[in-house]
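Count along the sequence shown starting at 1, add 1232, and that's the number in our numbering.
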Amino acid sequence: MKKIFLFTFLVITLAGNASFHSKFNIQNSTQSIDSIPADSKDVSSIDAILKALYDVISGPGNEKRNWDRMRTLFIPEAKMIPTGKRTDGSFSKRVLTVEDYITSSGPYLEKNGFFEKEISNKTEVYGNIAHVFSTYESRHTAADEKPFVRGINSIQLWNDGSRWWIINIFWQGETPENPLPAKYLN
1233 MKKIFLFTFL VITLAGNASF HSKFNIQNST QSIDSIPADS KDVSSIDAIL
1283 KALYDVISGP GNEKRNWDRM RTLFIPEAKM IPTGKRTDGS FSKRVLTVED
1333 YITSSGPYLE KNGFFEKEIS NKTEVYGNIA HVFSTYESRH TAADEKPFVR
1383 GINSIQLWND GSRWWIINIF WQGETPENPL PAKYLN
């Protein structure tokens, strides 16, 4: 039993080690096969990929979005997770793949118009990983005086050595009982 435990521990420990992967020629299964190649301008920096993200979902009503472009921003296993308060007072979250988001939200965005823009962000970077608290506001038309919703996108990113990828987006809209803190509005 001790030998099995030790063997399992070693395999788990070594499997996470990059030199172990290269020594045994283990390929990363998360490599993306994009429907179109990513535009290097979209993925060359954290600011660029955030700009591309907001740009691709935004547009007037009765206008198709470039969902292939959106797919190029995310790793294949990426999750998009809206969260909020239900009418009964409990909190919920919905875990979506990028395809789930495109299928469920795409028709609404394209029919009704949707313009979301970043108004502030707080970015933390360590090595090849980054986290951005991106404060947003959304309008139905670009000319709307006031947003119909604001909130925070918590975005995790990874740089594979040649470009940035979005790993996950987890977001929550602002409510009267949960206003955006001033520190996320600067």
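Beta carbons: idealized from backbone N, C-alpha and C, even for Gly. Since the model is a prediction, treat every value here as computed from it, not as a measurement.
Backbone CA spacing between residue i and residue j [nearest angstrom]
i	j	result
Val1275	Gly1321	39 Å
Asn1294	Arg1318	30 Å
Ser1394	Asn1298	23 Å
Ser1324	Thr1315	6 Å
Gly1338	Gly1359	34 Å
Pro1408	Glu1377	19 Å
Met1302	Ala1270	9 Å
Arg1326	Phe1402	10 Å
Pro1419	Glu1356	Here the chain covers residues 1233 to 1418 and nothing more, so residue 1419 does not appear.
Lys1296	Glu1342	6 Å
Glu1348	Asn1391	25 Å
Leu1310	Asp1279	What sits at residue 1310 in the sequence shown is Ala, not Leu. Cα to Cα, the separation comes out at about 19 Å.
Ala1375	Asn1410	26 Å
Ile1268	Ile1361	24 Å
Rounded distance between the beta-carbons of residue j and residue i, thought under 8 Å
i	j	result
His1363	Gln1388	6 Å
Ser1352	Leu1282	Going by Cβ atoms, the distance from Ser1352 to Leu1282 rounds to 12 Å, so no, they are not a contact pair.
Tyr1286	Glu1350	6 Å
Ile1307	Leu1328	With a Cβ gap of about 14 Å, Ile1307 and Leu1328 do not count as contacting.
Gly1207	Tyr1368	Here the chain comprises residues numbered 1233 to 1418, so residue 1207 is not present and cannot be evaluated.
Leu1305	Ile1399	Not quite, the Cβ-Cβ distance comes to about 11 Å (not below 8 Å), so this is no contact.
Pro1379	Ser1370	5 Å
Reduced DSSP category for residue i - H, G, I as helix; E, B as strand; rest coil
i	result
Glu1406	coil
Ile1314	In the sequence under discussion, the amino acid at residue 1314 is Pro, which differs from the Ile named in the question. Strand at Pro1314.
Thr1355	strand
Ile1258	Confidence at Ile1258 is low in this model, with a pLDDT of 40, below 50, so the placement of that residue is unreliable and no value is reported for it.
Tyr1416	helix
Val1327	coil
Asn1344	helix
Glu1282	The sequence given here has Leu at residue 1282, not Glu. Leu1282 falls in the helix class under three-state DSSP.
Ser1337	helix
Ile1361	strand
Ile1268	coil
Lys1296	coil
Lys1349	strand
Arg1395	coil
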